[in-house]
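Residue numbers (the numbering used here), protein chains in the order written: chain A, 2 to 112; chain B, 34 to 168. Yeah, the Cβ is synthetic: ideal placement off N, Cα and C, and Gly gets one too.
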């Protein structure tokens with residue numbers, strides 16, 4: 002798994018390439034935490050190159066959403082969620098907790 | 034039936050998903066169901082590594098795959114700590130963000146993704162059986 006960060010005026014984009022599972026979720030969590038530690042609470046997670054995510058990744062997203070939404074200081078948006086991952090997120094009831102966008106730049110524009 | 038033994042380490046999850054994915058593909062499952070089977074096996078193996086085998090040095094577990102009568106049967110056998118899945122609280126998937134519980138999601142997903150999920154404590158270890166019907 003690889004994570005890259007792109008900075009925008011009103012938010013940062015976290016792009017994930019590859020597989021998020023129990024082995025790689027700690028790295029994903031660290032990448033999200035690093036943004037929040039810098040005071041960036043408006044985040045777009047670009048999932049266009051994410052091939053797989055297990056519940057370990059769902060937990061990382063949930064923790065980040067809780068932290069970002071605290072004091073109304075921000076939010077985590079999900080962008081370009083692949084079909085298989087979206088279906089799994091739906092099963093877990095996670096799609097209710099995140100605004101999702103078909104295009105990462107559309108998500109950026111909504112902050 | 035194909036059987037493989039894996040060290041109880043998260044870095045083998047990739048291989049586990051490849052293994053069950055190949056078995057499901059060879060059995061004629063569609064891409065959506067292949068992903069379901071891979072995710073369920075990953076969640077099962079992750080639980081074994083994280084909970085059953087926690088603190089046991091050099092622990093390993095066995096994974097088997099068998100396709101018969103249009104059913105793919107995956108078993109996970111470990112020799113670690115047993116647990117009663119009925120005692121694992123169902124996550125409330127309609128709860129608000131602040132009330133969402135972090136645990137129990139793996140078992141919940143397995144039950145949603147597969148047609149049957151059984152857990153038994155046997156003489157040869159803790160046995161988890163996952164069944165996916167084709168079509």
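- Item | Classification of residue 72 of chain A by the beta-carbon crowding that lies within 10 angstroms, buried from 16 upward | exposed
- Contact check, residue 36 of chain A vs residue 13 of chain A, beta carbons under 7 Å: yes
- If you check the beta carbons only, do residue 66 of chain A and residue 77 of chain A fall under 7 Å apart? yes
- Message: For a test of the three-state rule: what should DSSP assign to residue 80 of chain B, helix, strand or coil?
- Response: helix
- In the DSSP assignment, what are the bridge partners of residue 20 of chain A? A:53
- Task: Taking only the alpha-carbon atoms, compute the straight-line gap between residue 165 of chain B and residue 117 of chain B and give it to the nearest angstrom.
- Result: 22 Å
- Could you give the DSSP three-state label for residue 99 of chain A: helix, strand or coil? coil
- Item | Beta bridge counterpart(s) of residue 110 of chain B as assigned by DSSP | B:95, B:160
- Query: For residue 155 of chain B, is the classification buried or exposed, using 16 other Cβ atoms within 10 angstroms of its Cβ as the cut-off for buried?
  - Reply: exposed
- Inter-residue spacing [alpha-carbon to alpha-carbon] between residue 136 of chain B and residue 157 of chain B: 28 Å
- Message: Given this structure, state the Cα-to-Cα distance separating residue 63 of chain B from residue 168 of chain B, to the nearest angstrom.
- Response: 9 Å
- Item | Beta-carbon proximity list for residue 72 of chain B, same chain, < 7 Å, skipping 5 on both sides | 142, 146
- Item | residue 109 of chain A versus residue 99 of chain A: straight-line alpha-carbon distance, rounded | 14 Å
- Message: I need the DSSP call for residue 9 of chain A, collapsed to helix, strand or coil.
- Response: coil
- Query: Just reading off the beta strand (DSSP E) that residue 40 of chain B is part of, what are its end residues?
  - Reply: 35 to 40
- Taking all protein chains shown into account, decide if residue 22 of chain A is buried (16 or more other Cβ within 10 angstroms of its Cβ) or exposed. buried
- Residue closest to residue 138 of chain B, alpha-carbon to alpha-carbon, out of A:38, A:106, A:94, A:28: A:94
- Query: If you follow the beta strand (DSSP E) that residue 53 of chain B is part of, which residue opens it and which one closes it?
  - Reply: Segment 46 to 59 is the alpha helix (DSSP H) holding residue 53 of chain B; no beta strand (DSSP E) there.
- Message: Here's a check: name, in chain order, each residue in its chain whose Cβ is nearer than 6 Å to the Cβ of residue 121 of chain B, leaving out the five neighbours to either side.
- Response: 137, 140
- Message: Between residue 19 of chain A and residue 8 of chain A, how many whole angstroms is the CB-CB distance? I'm expecting something under 8 Å.
- Response: That pair is no contact at about 22 Å.
- residue 161 of chain B vs residue 77 of chain B beta-carbon contact at 7 Å: yes
- Query: Just to confirm, are residue 102 of chain A and residue 80 of chain A a CB contact at a threshold of 7 Å?
  - Reply: yes
- Message: Within the continuous alpha helix (DSSP H) that includes residue 109 of chain A, where are the two ends?
- Response: 105 to 110
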